[in-house]
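Using the working numbering, read the sequence shown as starting at 1109 and increasing by one per residue. Note that CB positions come from ideal geometry on N, CA and C, so glycine has one too. On a predicted model such as this, the values are computed, not experimentally measured, just so you know. Data first, discussion second: the structure below is written as structure tokens.
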Amino acid sequence: MKKSVVLFSVLLISIFSFSQEYKVVTIVESIVPMGLGRSRIIENRTEQDVSALTTERTDGKTSEQGKVSRNDVKVDEFVETKLLNFYSAVGINFQNIASNDAVITAKINELAKDGWKLTFVTSGVESDAGEKDGAGIFITRLFFTR
């Protein structure tokens, strides 16, 4: 009897320990001069049915689950946390970067308190391409699990 209870407990614990939930948080930091860009932390609050958005191609034919418009892909529930832009009127503003680091750290700590663990980080940049461009963004994606 004791062995059955122990075995059942171990089985129950193992089932719950293998289930995992994921969250992606995106940080967009503007590198547009003069503070004209917008920098934000974006956190999605909507579940998506990916199968309704997916098409499959076999033998040159496309099979779709259902006709989906761009508006069906867009989510309505998300949180925006304001950040400062990398550039000010005179160039790179290191105080803005330090301030963004403080806000990003606070966001990561908030998610950690809610049981989320930062598991992976990836980033990319579309930088200023010269005198006529004057635009760019730096994107970082934080991947969390719990």
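In whole angstroms, give me the CA-to-CA distance for Asp1222 and Lys1215. Working through the sequence shown from its first residue, we reach residue 1222 at position 114. Working through the sequence shown from its first residue, we reach residue 1215 at position 107. For the pair Asp1222 and Lys1215, the Cα-to-Cα distance works out to about 11 Å.
Which runs of the alpha helix (DSSP H) at least 4 residues long sit entirely within the segment 1151-1238? Give them in chain order. 1178-1181, 1202-1221
Ile1247 bridges to which residues according to DSSP? Within the sequence shown, residue 1247 is the residue found at index 139, counting from 1. Per DSSP, Val1136, Gly1232.
Opposing strand residues paired with Arg1148 [DSSP bridges]: Locating residue 1148 in the sequence shown gives position 40, where the first residue counts as 1. Beta-bridge pairing links Arg1148 to Val1136, Lys1190.
Determine the burial state of Val1133: buried for a count of at least 16 other Cβ atoms within 10 Å of its Cβ, exposed for fewer. Locating residue 1133 in the sequence shown gives position 25, where the first residue counts as 1. In this structure Val1133 is buried. Its beta-carbon is surrounded by 16 or more other beta-carbon atoms within 10 angstroms.
Hey, would you say Thr1253 sits closer than 8 Å to Val1229, going by beta carbons? Taking the sequence shown and counting its residues from 1, the one referred to as residue 1253 is at position 145. Taking the sequence shown and counting its residues from 1, the one referred to as residue 1229 is at position 121. No; because the gap between Cβ atoms is not below 8 Å, this pair is not in contact.
Do you know how far the Cα of Val1211 is from the Cα of Thr1163? Indexing the sequence shown from 1 puts residue 1163 at position 55. Indexing the sequence shown from 1 puts residue 1211 at position 103. Cα-Cα distance, rounded: 39 Å.
Out of curiosity, what's the CA-to-CA distance linking Val1176 and Lys1182? Counted from its first residue, the sequence shown places residue 1176 at position 68. Counted from its first residue, the sequence shown places residue 1182 at position 74. Their backbone Cα atoms lie some 11 Å apart in a straight line.
Under 8 Å between the Cβ atoms of Ile1245 and Glu1151? Counting from 1 along the sequence shown, the entry for residue 1245 is found at position 137. Counting from 1 along the sequence shown, the entry for residue 1151 is found at position 43. No, the Cβ-Cβ distance between Ile1245 and Glu1151 is not below 8 Å.
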